[in-house]
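This report refers to the structure that appears directly beneath it.
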Amino acid sequence: MRITAVIDGVSARITPHGPIEYDTLPALRGAVVDLPLEVTEVVWDLSDTSPQGSGAGRG
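Sequential numbering of the sequence shown, starting at 6, is according to the numbering used here.
Next up, the structure:
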């Protein structure tokens with residue numbers, strides 16, 4: 006998974022590219038941790054992701 010972050014003042018937009026899976030969660034958490042302390046607002050742009058998984062919960 007590729008992750009981009011665009012910072013504009015105190016706001017940041019984090020965009021993951023590709024499927025979000027359990028093993029990609031550390032990278033997503035890391036994207037937040039790596040933001041400057043001045044960032045007080047984070048927007049998650051999930052428009053370029055696709056769901057993955059076993060289908061649990063589908064009925």
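C-beta: ideal position from N, C-alpha, C; glycine also.
Can you tell me which of the three DSSP states residue 14 falls into? Within the sequence shown, the letter at position 9 stands for residue 14. If DSSP states are grouped into helix, strand and coil, residue 14 belongs with coil.
For residue 7, which residues does DSSP report across the bridge? As a position in the sequence shown, residue 7 is number 2, starting the count at 1. Paired residues: 22.
Same chain, Cβ closer than 8 Å to residue 53, neighbours up to 5 away in sequence not counted: Within the sequence shown, numbered from 1, the residue matching residue 53 stands at position 48. Within the same chain, residue 53 has close Cβ partners 20, 21, 22 and 23.
Determine the burial state of residue 64: buried for a count of at least 16 other Cβ atoms within 10 Å of its Cβ, exposed for fewer. Position 59 of the sequence shown, counted from the first residue, corresponds to residue 64. For residue 64, the pLDDT reaches just 42, beneath the cut-off of 50, and the residue's location in the model is therefore unreliable, although a value from the coordinates is still provided. So residue 64 counts as exposed.
Assuming the contact rule is C-beta atoms closer than 8 Å, residue 44 and residue 12 should be a hit. Round their C-beta distance to whole Å, please. Locating residue 44 in the sequence shown gives position 39, counting from the first residue. Locating residue 12 in the sequence shown gives position 7, counting from the first residue. So it is a contact: roughly 6 Å between Cβ atoms.
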